[in-house]
Amino acid sequence: MSKADHDPHLPEALLELSLKNCHDASEQADLERHLARLPGVSSVHLDRTRALAHISFDPGQISAQDLRERLERGGYSCACQECEASVCQPGHPRVGSDDQPHTHPHHHPAHEVVTEPHAHRTAPTKAHDHAAMPPVHDAHAGHGAAMVADMLRRFVVSLLLTLPIVIFSPIGGSLGFPEMPPFGISMGLWGFLLSTPVVWWGGWPFIRAAWRALRRGEANMMTLIATGILVSWTFSVAATFLFEGEVFYEAAAMLTTFSLAGHWMEMRSRFATGRAVEALLKLAPATARVLRGGQEVEIPLEQVVVGDVIVVKPGDRVPVDGVVLSGQSYVDESMISGEPIPVAKAPGSKVIGGSVNQTGAFTFEATAVGADTALSRIVQMVQNAQASKAPAQRLADIAGKYLVFIALGSGLLTFVFWYFFAAQGLVFALTAGVSAIVIACPDALALATPTAITVGVGVAAREGVLFKNATALEATAGVDTVIFDKTGTLTEGKPALTDLITAGGMAEQELLRLAASADLPSQHPLAEAIVRAAREQGLTLNQPEEFDSVPGHGVVAKVHGQRVLIGNKKLMEREKVAVEALEERAAQLSADGKTAMFVAVDGRAAGVVAVADAVRESAKRAVGLLHALGIETVMLTGDNRRTAEAVARQIGIDTVIAEVLPEDKAAKVKELQAQGRKVAMVGDGVNDAPALAQADVGIAIGAGTDVAVESAEVVLVKNDPADVAKAIQLARKVRGKIKQNLFWAAIYNVLAIPIAAGVLYNSYGLLLRPEWAALLMSASTVIVTLNALLLGVRSRPRELTKGVGA
Numbered sequence: 014m015s016k017a018d019h020d021p022h023l024p025e026a027l028l029e030l031s032l033k034n035c036h037d038a039s040e041q042a043d044l045e046r047h048l049a050r051l052p053g054v055s056s057v058h059l060d061r062t063r064a065l066a067h068i069s070f071d072p073g074q075i076s077a078q079d080l081r082e083r084l085e086r087g088g089y090s091c092a093c094q095e096c097e098a099s100v101c102q103p104g105h106p107r108v109g110s111d112d113q114p115h116t117h118p119h120h121h122p123a124h125e126v127v128t129e130p131h132a133h134r135t136a137p138t139k140a141h142d143h144a145a146m147p148p149v150h151d152a153h154a155g156h157g158a159a160m161v162a163d164m165l166r167r168f169v170v171s172l173l174l175t176l177p178i179v180i181f182s183p184i185g186g187s188l189g190f191p192e193m194p195p196f197g198i199s200m201g202l203w204g205f206l207l208s209t210p211v212v213w214w215g216g217w218p219f220i221r222a223a224w225r226a227l228r229r230g231e232a233n234m235m236t237l238i239a240t241g242i243l244v245s246w247t248f249s250v251a252a253t254f255l256f257e258g259e260v261f262y263e264a265a266a267m268l269t270t271f272s273l274a275g276h277w278m279e280m281r282s283r284f285a286t287g288r289a290v291e292a293l294l295k296l297a298p299a300t301a302r303v304l305r306g307g308q309e310v311e312i313p314l315e316q317v318v319v320g321d322v323i324v325v326k327p328g329d330r331v332p333v334d335g336v337v338l339s340g341q342s343y344v345d346e347s348m349i350s351g352e353p354i355p356v357a358k359a360p361g362s363k364v365i366g367g368s369v370n371q372t373g374a375f376t377f378e379a380t381a382v383g384a385d386t387a388l389s390r391i392v393q394m395v396q397n398a399q400a401s402k403a404p405a406q407r408l409a410d411i412a413g414k415y416l417v418f419i420a421l422g423s424g425l426l427t428f429v430f431w432y433f434f435a436a437q438g439l440v441f442a443l444t445a446g447v448s449a450i451v452i453a454c455p456d457a458l459a460l461a462t463p464t465a466i467t468v469g470v471g472v473a474a475r476e477g478v479l480f481k482n483a484t485a486l487e488a489t490a491g492v493d494t495v496i497f498d499k500t501g502t503l504t505e506g507k508p509a510l511t512d513l514i515t516a517g518g519m520a521e522q523e524l525l526r527l528a529a530s531a532d533l534p535s536q537h538p539l540a541e542a543i544v545r546a547a548r549e550q551g552l553t554l555n556q557p558e559e560f561d562s563v564p565g566h567g568v569v570a571k572v573h574g575q576r577v578l579i580g581n582k583k584l585m586e587r588e589k590v591a592v593e594a595l596e597e598r599a600a601q602l603s604a605d606g607k608t609a610m611f612v613a614v615d616g617r618a619a620g621v622v623a624v625a626d627a628v629r630e631s632a633k634r635a636v637g638l639l640h641a642l643g644i645e646t647v648m649l650t651g652d653n654r655r656t657a658e659a660v661a662r663q664i665g666i667d668t669v670i671a672e673v674l675p676e677d678k679a680a681k682v683k684e685l686q687a688q689g690r691k692v693a694m695v696g697d698g699v700n701d702a703p704a705l706a707q708a709d710v711g712i713a714i715g716a717g718t719d720v721a722v723e724s725a726e727v728v729l730v731k732n733d734p735a736d737v738a739k740a741i742q743l744a745r746k747v748r749g750k751i752k753q754n755l756f757w758a759a760i761y762n763v764l765a766i767p768i769a770a771g772v773l774y775n776s777y778g779l780l781l782r783p784e785w786a787a788l789l790m791s792a793s794t795v796i797v798t799l800n801a802l803l804l805g806v807r808s809r810p811r812e813l814t815k816g817v818g819a
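Residues in the sequence shown are numbered consecutively from 14, following the working numbering.
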């Protein structure tokens with residue numbers, strides 16, 4: 014079936030394969046391009062941190078088996094006997110969607126997973142990178158640890174064989190070692206015997222990868238390394254057995270050994286970035302104590318279902334998310350919230366899977382299991398973000414591709430110039446040509462962006478900031494305006510009693526007791542705030558004998574024989590209660606954005622109670638941190654302007670946009686973007702979802718609704734608006750590392766290629782041998798990798814120290 018004949022309504026399938034023997038970043042980029050060109054394949058993404066291939070394809074044009082066979086023929090098959098294909102149930106998203114995949118912290122993946130997408134949800138979304146993927150693979154996926162160990166083994170053996178070659182070579186002679194090998198063996202034969210296993214066993218990953226690229230009609234970094242190794246070794250073999258001449262066995266062996274060392278360090282750091290995720294995966298226990306038929310039984314975690322009643326004893330880890338039914342305890346939730354102080358739990362409290370119970374015992378009902386738990390979603394977000402590709406990485410991949418051809422061309426031109434035009438002889442021309450090819454390997458360029466992204470995402474997750482993909486991280490670094498929703502983001506999202514003003518000799522506690530008793534039957538949020546405050550103070554409340562709610566005015570009730578009124582001035586005027594002495598204080602409270610209500614007892618003014626949506630303790634600090642970063646702050650709310658401006662004054666917001674309907678919030682974001690601003694929207698509710706999707710970066714408070722969290726690209730786990738500044742700061746640090754890495758990788762090649770080609774030879778007699786070119790190439794890779802790993806070192810600017818702690 015051709016693409017033209019394909020039914021566009023048929024869903025795409027998603028194939029996930031763990032790859033073995035795909036060692037290099039440039040090779041992975043080539044493989045992505047090769048697979049993407051296949052008929053029926055719509056998108057391909059290779060997870061460089063876990064060596065996983067995610068392929069979205071049309072089953073009507075190409076099958077999963079065809080794709081797997083192509084990879085196996087190319088040498089990328091899985092060698093594990095226990096890895097068997099499995100098919101997941103429908104209900105997973107396709108690559109590139111922003112639906113959250115199903116996963117489980119203890120799911121040990123199959124080698125191959127085929128899924129089909131469900132219908133996309135209707136909530137506004139934004140196109141994401143290839144970040145949403147099917148079931149999470151654990152730390153063993155992609156054979157990362159095995160490949161790192163194999164590379165180290167090859168390096169160690171190659172080093173042990175290379176040292177004797179170097180000792181009995183011109184390099185060793187310059188250091189005072191004997192010029193002739195032991196046992197009367199010629200230098201050529203000695204080098205041949207020791208270098209052959211180094212080249213063909215130690216260097217086999219490079220040679221095999223170069224051959225695979227050649228079969229695809231491509232060239233990559235492995236092509237350059239393999240060319241340098243084989244040219245040096247082949248010429249030396251010919252000089253040993255076919256004609257007499259200078260040999261380069263030490264160059265071939267050292268080139269192999271140095272390349273192995275550089276790739277081992279790069280792979281070790283690349284796969285090590287997944288250790289934070291591996292640690293998260295281990296937080297959930299393997300089993301759970303569940304009440305079944307009145308009996309406590311211990312079952313595997315994957316058998317727990319929603320509705321199960323689970324028993325948690327002192328020292329246990331909470332297996333899944335749920336709500337406490339009985340018992341009391343303190344639970345350490347630092348793995349999720351970052352807060353070191355254990356949280357008190359009682360009936361009705363929520364518990365999070367993976368958290369650690371302290372002293373007490375309790376039972377709870379499971380409300381979320383498997384992929385739906387907070388822990389699983391965090392793991393999925395971190396893995397997706399580490400696997401995604403930033404726009405800067407796409408440019409680096411393209412640049413790396415062309416740099417390979419530049420390197421090959423430079424080597425060829427160097428050889429031609431020195432041999433045919435400068436008449437320096439075959440050995441000299443070959444040395445310069447091979448050195449030019451080797452030193453120009455674009456390994457550092459290929460690693461510049463993904464290493465920084467991977468480390469940065471891991472650091473952010475440790476700090477309670479979850480980036481869903483690399484594009485979001487890159488966009489966050491460019492934000493210059495942050496818009497906050499008010500209710501539930503800058504405020505707690507529920508009214509609370511803020512002020513008590515007494516009159517006529519009434520005591521504060523008595524005023525609160527009477528007001529709360531009168532409000533007991535009411536369902537109004539303001540009444541609930543007054544009742545809650547009275548109970549928190551331990552006051553004894555009396556159920557009113559009479560109760561009447563006056564719409565738009567307030568409440569009239571009889572409490573313990575006393576007639577109590579609570580309401581606005583109109584209610585007081587109707588009941589002929591004089592409140593002139595309290596009006597000025599009530600007006601001041603209203604000006605501060607609070608709802609002031611008069612209280613009268615038996616026809617006389619008793620005081621004023623004020624209720625407001627309390628501002629989060631960290632809101633003012635959040636705005637201050639953003640100002641320290643040079644970012645403008647905006648409040649976007651549907652609340653009335655007076656209340657909004659009062660909250661803005663309290664916390665220092667720059668601009669207030671009030672009385673905005675939910676459906677108009679996205680339009681307001683668009684207006685700011687039209688002014689050239691890079692906008693981040695911070696919200697938590699369903700009505701924030703369109704604005705979150707419209708913004709350059711949507712940031713959801715972690716306790717927000719599912720729709721808000723799904724529509725956003727950044728999630729603040731700790732529900733702290735101050736973490737917005739932390740997210741931007743981290744993103745800017747990652748962007749800085751990427752720029753540094755790209756600069757050093759580019760300047761390295763600009764300076765190194767001409768030197769290796771011999772431009773300094775006529776002036777200074779300087780000619781770089783291939784083995785030293787390999788050392789410098791490996792050193793550039795290590796420098797770029799270590800520079801990215803410095804992101805993991807906790808360094809906080811002075812102005813952010815107070816509010817950006819974990």
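Even for Gly, the Cβ is constructed at its ideal location relative to N, Cα and C.
Three-way DSSP call (helix, strand, coil) for residue i in this model
| i | result |
| --- | --- |
| residue 476 | coil |
| residue 683 | helix |
| residue 508 | strand |
| residue 461 | helix |
| residue 29 | strand |
| residue 167 | helix |
| residue 482 | coil |
| residue 152 | Model confidence at residue 152 stands at a pLDDT of 37, short of 50, so the residue's coordinates are unreliable; what they give is reported in the following sentence. Residue 152: coil per DSSP, three-state reduction. |
| residue 618 | strand |
| residue 515 | strand |
| residue 731 | coil |
| residue 611 | strand |
| residue 590 | coil |
| residue 803 | helix |
| residue 43 | helix |
| residue 788 | helix |
Beta carbon of residue i nearer than 9 Å to that of residue j
| i | j | result |
| --- | --- | --- |
| residue 323 | residue 372 | no |
| residue 515 | residue 527 | no |
| residue 367 | residue 315 | no |
| residue 423 | residue 457 | no |
| residue 677 | residue 500 | no |
| residue 33 | residue 159 | yes |
| residue 469 | residue 746 | yes |
| residue 628 | residue 505 | yes |
| residue 447 | residue 244 | yes |
| residue 641 | residue 268 | no |
| residue 622 | residue 513 | yes |
| residue 273 | residue 420 | no |
Residues bridged to residue i (per DSSP)
| i | result |
| --- | --- |
| residue 313 | 300 |
| residue 356 | 344 |
| residue 645 | 494 |
| residue 571 | 559, 576 |
| residue 67 | 29, 58 |
| residue 323 | 303, 377 |
| residue 370 | 344 |
Residue range of the unbroken alpha helix (DSSP H) whose run includes residue i
| i | result |
| --- | --- |
| residue 714 | Premise fails: residue 714 lies in the beta strand (DSSP E), 710-714, not in any alpha helix (DSSP H). |
| residue 694 | From DSSP, residue 694 is part of no alpha helix (DSSP H) but of the beta strand (DSSP E) over 692-696. |
| residue 260 | Note, residue 260: premise wrong, no alpha helix (DSSP H); not H, not E. |
| residue 656 | 654-664 |
First and last residue of the uninterrupted beta strand (DSSP E) at residue i
| i | result |
| --- | --- |
| residue 502 | Premise fails: residue 502 is in no beta strand (DSSP E) and is neither H nor E. |
| residue 586 | Taken as a continuous stretch (DSSP letters only), residue 586 belongs to no beta strand (DSSP E), being part of the alpha helix (DSSP H) at 582-587. |
- Which ranges would you report for the beta strand (DSSP E) in the stretch 522-563 if only whole runs of at least 3 residues count? The stretch 522-563 contains these whole beta strand (DSSP E) runs: 559-563.
- Runs of alpha helix (DSSP H) wholly within the stretch 425-451 (minimum 4 residues, chain order): List check, alpha helix (DSSP H) in window: nothing returned.
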